[in-house]
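Since the structure comes first, as C-alpha cells, the remarks are kept for the end.
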Amino acid sequence: MSTTDGPTLIPDAKAEQDAITRESNRTTRGGFFAPLADRWNRLSRPQQWVFLLIVVAIAYALPVLNPPLITSEPGNDWPITCLQMAIFALVAVGLNVVVGYAGLLDLGYVAFFAVGSYTAAMFTSPDSPYLHIPYLWTLPVAMAVAMFFGVLLGVPTLRLRGDYLAIVTLGFGEIVRILATIIPAMKGQVGFQNVGHPPGTAADGHPIFSNSNGTPWYWLTITVLIVILLLAGNLERSRVGRAWVAIREDEDAAEIMGVPTFKYKVWAFAIGAGIGGLSGALSAGATGFINNQKFDVQTSILFLAAVVLGGSGNKVGAILGGAVVAYLPLRFTAIADYKYLIFGVVLVVLMIFRAKGLLPARQRLLAYGKVTYARVAARSRAEPPSTAGTKIEGTAQ
Amino acid sequence: MSISPEAGADLTSHGPTELAELDIAPEVAEGAAPEREISVGVGDNIMEVKNLTVKFGGLVALDDVSFNIKRGEILGLIGPNGAGKTTCFNAMTGVYKPTSGQVLLEGESLGGRQQHKITRLGLARTFQNIRLFGEMTALENVVVGLDARHGTSVLGALFRVPRHRREERTAIERGMALLEFVGIAENAAVLSRNLSYGHQRRLEIARALATDPKVLCLDEPAAGFNPAEKEELMTLIRAIRSDGYTVLLIEHDMKLVMGVTDRIVVLEFGKKLADGLPAEIRNDPRVVAAYLGEPEDDAA
C-alpha cells in the first residue's frame with residue numbers, strides 16, 4: 148500500500164496465462180477470498196491505486212450512505228456503529244504488529260487501550276484536576292504514554308516465550324484495570340465525564356465532534372487508520388518487518404542470523420502499544436465517558452479474536468476482522484448477549500477450515516521485492532527451471 | 269575465474285582443490301560481500317578454541333578441547349556419534365555457555381556476548397536440522413542475513429529515509445547474487461518451506477554467507493544428500509573457500525570430509541583425539557580405532 152514501490156511490469160498475455168495455470172495448480176487451501184487476492188495482485192500499480200481510491204472513498208462515505216440491510220439501525224445508530232468498527236480495526240492493526248508480525252501472544256492488549264483512554268480523559272475531562280491540554284494533543288501523548296507502558300511491560304517479560312508471555316500479558320491487562328479501580332485519581336467506576344473533543348462548532352451551535360454524532364469521529368478515526376497503515380506498511384517492508392517475521396518463524400535462528408531479537412520484540416510491543424493507546428484515546432473522546440468497566444479480559448480476547456479472525460499477520464485482514472467483530476453484535480442486537488459464544492464457535496470453525504484467517508495474505512518484506520520477483524519469474528519463464536511445479540510465490544503477493 | 273590469490277597460493281599445496289572444477293564464478297560472492305575486513309593474514313589463526321569445557325550437570329560433554337582455525341582453510345571437525353561435535357559447535361557459536369575455556373575470533377573473546385553480536389563479529393553458521401524462516405521467500409531469508417550488516421534504525425525504516433532505500437536496493441542485489449552463487453536464484457520468490465530439501469540446505473548456506481562472516485560454520489550440510497548432491501556440495505564449499513571465507517565443517521560423511529577439508533580435528537568422548545592433514549588422520553591408528561575402523565559405508 149505504499150506509493151514508493153517500483154513500477155510493476157505489465158504482464159503480457161502469456162504471463163497472464165502462466166499465472167493462471169500456476170494458480171490452478173496450487174496445492175494450498177483455496178478460499179473465498181483467495182481468488183480476490185490473486186486478481187488484486189495481477190492488477191498493475193495504477194489500477195490498484197484507482198481501486199484503492201474507490202475503496203477509501205466508499206469507506207469515508209459509509210456512515211452517510213447508511214446502506215439498507217447492512218445498516219445497524221434501528222437498533223443502533225449507524226454512524227456510531229461505523230465508528231466502533233473503525234476503532235476496532237485500528238486496535239486490530241496495532242495488535243497485529245505484536246501477534247501477527249512478531250508472533251508474541253498478547254492477552255492483555257486492552258491495557259494499552261486503557262492507558263490511552265485514561266491519558267485522553269485525564270488531560271481533557273473537567274473531572275480531572277490535572278493539567279488540561281487540547282484534545283488533539285492527547286492523541287500523540289496517549290500514544291507516547293502507551294508506548295512507555297509497552298516498553299515497561301516488554302523489557303522484563305519479553306525474555307519469556309509463548310505461553311509464559313501470554314500469561315504475563317494477561318496479568319498486566321488485569322493490573323491496569325485494577326489500578327484504575329483502586330487509585331483514587333483514576334476514579335474507578337465513577338470515571339471521567341465529558342472527555343474532550345477536537346475543536347469546531349457546527350452551524351447550529353453544537354460542537355462538530357459531539358458524542359451523539361459518530362460521523363466526524365469516524366472520519367477522524369479512519370484518517371488515523373490510513374496513516375497508521377501506510378507507516379506499518381513501511382515497517383513491514385524493511386529490516387524491522389523481516390526481523391519480526393524471522394522472530395515469529397524461529398527466534399533462535401533469527402538471533403543467530405544477527406537479528407537482535409530482544410530489541411525488535413520490545414519495538415513490536417512498543418509500536419503495538421502505541422497504536423492501542425491511540426485507539427483508546429480516540430475511543431474515549433468519541434464516547435465522552437470512561438470508567439474502569441470497559442477494560443476487562445473479555446475485551447482483550449475480543450481484540451485478539453479480531454486479529455485471528457481476519458488473518459494474523461495481514462493488516463488488511465486485521466481491519467476486516469476488527470470491523471466484523473465490532474459490527475456483528477451491533478447489527479444483530481438480538482445476539483449481542485451471546486457474542487462471546489458466537490465468536491468462540493466462529494473461531495473454532497474458522498480454525499478448522501481456514502486456519503490462517505479470512506485474509507491469509509503473506510507479508511511482503513522487501514521494499515523493492517515486487518520488481519525483483521517479476522524479473523526472476525520472467526527469467527525462469529525464458530529458461531524453465533529444473534524445479535517445475537514449484538510455486539512462484541512472488542507473483543502471488 | 270578470479271580466485272582470491274592469497275588463499276589459493278597458500279592452500280592448494282595440501283587440500284584437494286581442483287580449481288578447474290569450480291563452475292561458479294567467485295566474483296558473484298565477492299559482489300555479495302565486498303566489505304569484509306579481516307585483520308588476520310592468510311594462514312594465521314583466525315579463530316582459536318582454548319581449553320573449551322562444557323559440562324551439563326555432572327556430564328562432561330566437552331573436555332578441555334583446543335584447536336585453531338587458520339584463515340582461508342576448510343577445517344573438518346569429525347568424530348563418532350556423541351563425540352561432542354555439535355556441543356563444541358554450539359559452545360563456539362554462543363548457543364551454550366562454556367563451563368571454562370574460551371573462543372577467540374581474530375583475538376576477540378566471544379564469551380558472554382549475545383549471539384547476534386557474535387554473528388556481527390563474523391561468525392555464521394548453518395543448522396544440522398534446517399532452520400529457515402519458512403513463511404519467507406528464499407530471497408527474504410537471505411536478506412535477513414544481510415540485515416546483520418545494515419544500519420537503518422526503526423524510525424529510519426518507518427519514514428523510509430534515503431539510507432533505508434539504499435540498503436534495501438543493495439540488499440536485493442546482494443541477496444540475488446548470493447542465491448545465484450549457491451545456485452537457487454530461479455527460486456528466489458519461492459517460500460523457503462516449499463523449497464526442495466537440497467535447495468533448503470543451499471539456502472541456509474546463502475543466508476549464513478549473507479551475514480558476511482569471517483568464519484562460516486557448516487553443521488552437517490550433507491545430511492540426507494545422495495552422492496551426486498554431495499559432489500555438488502563439495503564444489504560449493506570449495507567455491508566458498510576460494511572467495512576467501514574460512515570454513516569449519518562438521519560432517520559424518522568421511523568421503524566428503526576427506527575430499528574437501530584441508531585439515532581435520534577429531535573428537536571422541538568430548539576430547540580431542542587428533543588434529544592433522546586428512547592423509548595423516550586417515551592413517552592415524554587411534555582415529556581408525558575410534559572411528560574409521562568401521563567400514564566406510566557404515567560411517568557415511
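Residue numbers (this note's numbering), protein chains in the order written: chain L, 148 to 544; chain U, 269 to 568. Note that beta-carbon positions come from the ideal geometry of N, C-alpha and C, so glycine has one too.
Around the beta-carbon of L/R528, fewer than 16 other beta-carbon atoms lie within 10 Å, marking it exposed. If you look at U/I314, you'll find it in the beta strand (DSSP E) that goes 313 to 324.
At least one beta carbon of chain L lies nearer than 8 Å to the beta carbon of U/V412. Residue environment analysis places L/I437 among the buried positions, since at least 16 neighbouring C-beta atoms fall within 10 angstroms of its C-beta. C-alpha of L/A268 to C-alpha of L/G423: approximately 15 Å in a straight line.
Using a Cβ-Cβ cut-off of 8 Å, U/M404 counts as an interface residue toward chain L, since at least one Cβ of chain L sits closer than that to its own.
Judged by DSSP in its simplified three-state form, L/Q340 adopts coil rather than helix or strand. Against chain L, the CB of U/E436 has a partner CB under 8 Å away; the residue lies at that interface. Just so you know, the alpha carbons of U/T361 and U/P348 end up roughly 21 Å apart.
Using a 10 angstroms sphere on the CB of L/L488, the tally of other CB atoms stays under 16, which defines it as exposed. Note on L/L467: 16 or more other CB atoms within 10 angstroms of its CB, so buried under the neighbour-count rule.
For the options L/I418, L/G338, L/S191, L/T304, the alpha carbon positioned closest to that of L/Q440 is the one of L/G338. Bridge pairing for U/V333: U/L320 [DSSP]. The beta carbon of U/T367 is closer than 6 Å to those of T321, V322, K323 in its chain, skipping five residues each way along the sequence.
Listed by position along chain L, the residues whose Cβ is nearer than 7 Å to that of U/R469 form an empty set, because the closest Cβ is around 14 Å away. Spanning the alpha carbons of L/Y485 and U/H432 requires a straight line of approximately 48 Å. With a contact defined as Cβ atoms closer than 8 Å, U/G443 and U/L414 qualify at about 6 Å. In terms of beta-carbon proximity, L/M404 lines the interface with chain U, with at least one pair separated by less than 8 Å. With distances taken between CA atoms, U/E408 lies nearest to U/V458 out of U/V363, U/V458, U/A359. Rounded to whole angstroms, the gap between the alpha carbons of U/G544 and U/F335 is 11 Å. Within its own chain, the residues whose Cβ lies closer than 7 Å to the Cβ of U/A476, once the five positions on either side in sequence are excluded, are A392, R393, T394, G413, L484, listed in chain order.
Residue environment analysis places U/P546 among the buried positions, since at least 16 neighbouring C-beta atoms fall within 10 angstroms of its C-beta.
Contact between the region 367 to 377 of chain L and the region 441 to 460 of chain L is absent: fewer than three C-beta pairs spanning the two stretches fall below 8 Å. Classified as exposed, L/S359 has fewer than 16 neighbouring CB atoms from the shown chains inside 10 Å of its CB. If you draw a 10 Å sphere on the C-beta of U/R509, you find 16 or more other C-beta atoms in it, and that means buried.
In the structure shown, the three-state DSSP call for U/A542 is strand. Taking 8 Å as the upper bound for CB-CB distance, L/G432 and L/Y282 are in contact here, some 6 Å apart. Taking all protein chains in view, the Cβ of L/I205 is surrounded by fewer than 16 other Cβ atoms within 10 Å, so the residue is classified as exposed. Between L/F319 and L/A420 the beta-carbon gap is near 11 Å, outside 8 Å, which marks them as no contact. Look at U/D487 here: in three-state DSSP terms it is strand. The beta-carbon distance between L/L494 and L/V472, rounded to whole angstroms, is 10 Å. This is too long to meet the 8 Å contact definition.
Look at L/R386: its C-beta is under 8 Å from a C-beta on chain U.
Of all residues in the region 413 to 429 of chain L, the ones placed with a Cβ closer than 7 Å to any Cβ belonging to chain U are W414, in chain order. With a threshold of 8 Å between beta carbons, U/M315 makes no contact with chain L. Within the region 374 to 397 of chain U, contact with chain L at the beta-carbon level (separation under 9 Å) is assigned to Q382, Q383, H384, K385, I386, T387, R388, A392, R393, F395. Around the beta-carbon of L/V496, fewer than 16 other beta-carbon atoms lie within 10 Å, marking it exposed.
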